[in-house]
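Enquirer: Below are the structure tokens for one structure; questions will follow.
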Amino acid sequence: FFTRQQVPLGQTKPLGTGILNTALKAELLEATAIEMVVNQMTELNKAAAEIMTELGAHAATDITGFGLIGHAAEMTALGEVSFKLSFTRIPLMAGVRQWAEAGLVPGGAYSNREYRENILDMEIATVEEWILDVMFDPQTSGGLLIAAPADVADIMVERIRERGFPAATVIGEVMTEPKGRIIITE
3 FFTRQQVPLG
13 QTKPLGTGIL
23 NTALKAELLE
33 ATAIEMVVNQ
43 MTELNKAAAE
53 IMTELGAHAA
63 TDITGFGLIG
73 HAAEMTALGE
83 VSFKLSFTRI
93 PLMAGVRQWA
103 EAGLVPGGAY
113 SNREYRENIL
123 DMEIATVEEW
133 ILDVMFDPQT
143 SGGLLIAAPA
153 DVADIMVERI
163 RERGFPAATV
173 IGEVMTEPKG
183 RIIITE
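For the sequence shown, the positions run 3 to 188 when the numbering used here is used.
So this is what it looks like as structure tokens:
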């Protein structure tokens with residue numbers, strides 16, 4: 003499917019709707035945070051999808067209930083490629099780290115982690131628990147995870163940002179080796 007290394011992998015919306023909704027259910031979110039999470043969940047991916055299609059994305063999926071890792075795993079399921087994700091480049095919604103560190107993580111994140119943790123290779127010196135919680139956080143109306151040709155990746159990110167997705171960014175790359183793995187770096 004992917005014929006060369008260094009294919010950029012991008013994301014269009016920040017992670018955290020599951021964690022923020024858990025904080026909301028505990029009545030801990032302020033009005034501005036509630037508005038932020040509702041706005042993100044009601045933002046359609048249509049504009050981003052049109053741009054990625056126009057610019058020739060190799061593959062894409064929406065990041066929803068299985069979290070970032072679960073949906074990345076679906077894209078690598080055939081065992082033809084692996085993904086290298088840079089955690090420090092993955093956009094997060096405001097407050098997500100705080101609530102994840104406080105343990106306000108939806109049950110689905112733990113199920114997602116139990117199911118897919120076996121395909122992770124960690125290249126982070128110290129993996130804090132909250133990092134995994136965020137990467138397995140089930141999203142409601144999450145963004146798109148897009149594998150794009152290297153020569154249009156920056157243009158794609160810029161055009162998606164211009165269409166109302168300011169968090170759009172390249173978060174990693176698609177690689178041909180090792181096959182079927184998700185590698186997490188800083």
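Built from N, CA and C at the ideal position, the CB exists for glycine as well.
1. According to the neighbour-count rule (16 or more other Cβ atoms, all chains shown, within 10 Å of its Cβ), is I126 buried or exposed?
2. With a cut-off of 8 Å on the beta carbons, I'd call A169 and P10 a contact; round off their distance for me.
3. Let me check understanding here. Comparing Cα to Cα, which of P108, A96 and A149 lies closest to G67?
4. The beta strand (DSSP E) with I21 in it runs from where to where?
5. Please classify I162 as buried or exposed, where buried requires at least 16 neighbouring CB atoms within 10 angstroms.
6. Indicate the three-state DSSP secondary structure (helix, strand or coil) for D139 in the structure shown.
7. So what does DSSP say about L80, is it helix, strand or coil?
8. How far does the beta strand (DSSP E) with M124 in it reach, from first residue to last?
9. Would you report the Cα separation of L80 and A96, rounded to the nearest angstrom?
Expert: In this structure, then:
1. In the sequence shown, the residue the question calls residue 126 occupies position 124. Answer is exposed; the Cβ neighbour count stays below 16.
2. The sequence position of residue 169 within the sequence shown is 167, counting from 1. The sequence position of residue 10 within the sequence shown is 8, counting from 1. Not quite, the Cβ-Cβ distance comes to about 16 Å (not below 8 Å), so this is no contact.
3. Stepping through the sequence shown from its first residue, residue 67 is reached at position 65. Closest by alpha carbon: P108.
4. Mapped onto the sequence shown, residue 21 falls at position 19. In this chain, I21 is not harboured by any beta strand (DSSP E); it is covered by the alpha helix (DSSP H) spanning T19 to K27.
5. Translated into the one-based positions of the sequence shown, residue 162 becomes position 160. Counting Cβ neighbours within 10 Å, I162 comes out buried, since at least 16 surround it.
6. Locating residue 139 in the sequence shown gives position 137, where the first residue counts as 1. Residue state, collapsed to three classes: coil.
7. One-based indexing of the sequence shown puts residue 80 at position 78. Correct three-state label for L80: coil.
8. Along the sequence shown, one-based indexing puts residue 124 at 122. For M124, the uninterrupted beta strand (DSSP E) run begins and ends at L122 to M124, by DSSP.
9. Start at 1 with the first residue of the sequence shown, and residue 80 comes out as number 78. Start at 1 with the first residue of the sequence shown, and residue 96 comes out as number 94. Rounded to whole angstroms, L80 to A96 spans 35 Å at the Cα level.
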